[in-house]
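If you count the sequence shown from 1, you need to add 16 to reach our numbering. Glycine included, every Cβ here is placed at the ideal spot set by N, Cα and C. Note that the structure is a prediction, hence the values are computed from the model and not measured.
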Amino acid sequence: MTEVETEMAWVGDLDKAEFLLAAVEGDDSVEIELVIGCDEAEAGLRFHVKGNDLREVRTIVDGLLARLGAAEAEFDSVSRA
């Protein structure tokens with residue numbers, strides 16, 4: 017059977033990266049890497065998703081994007097308050 021994989025990346029400030037990471041940690045279907053920039057104010061998240069077929073990978077990515085979007089909205093509303 018052929019395995020399908022994809023990678024997503026997000027870049028922004030370290031505080032938001034840590035918040036987003038906390039929102040998706042523990043998901044065994046995704047390998048997540050936090051990359052901190054040279055000045056330690058900028059960071060990135062790299063998501064590596066694997067599955068048995070495109071449908072499975074798409075389902076995982078869709079769920080991941082939904083959780084990241086909700087976490088980003090929460091972070092933005094709290095940081096503006």
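DSSP places D29 in no alpha helix (DSSP H) but in the uninterrupted beta strand (DSSP E) bounded by V20 to D29. For A59, the three-state secondary structure derived from DSSP is strand. Note on geometry: alpha-carbon atoms of A89 and L70 lie some 28 angstroms from one another. Between K32 and F91, the alpha-carbon positions lie close to 7 angstroms from each other. Taking 9 angstroms as the cut-off, the beta carbon of K66 is found closer than this to the beta carbon of E47.
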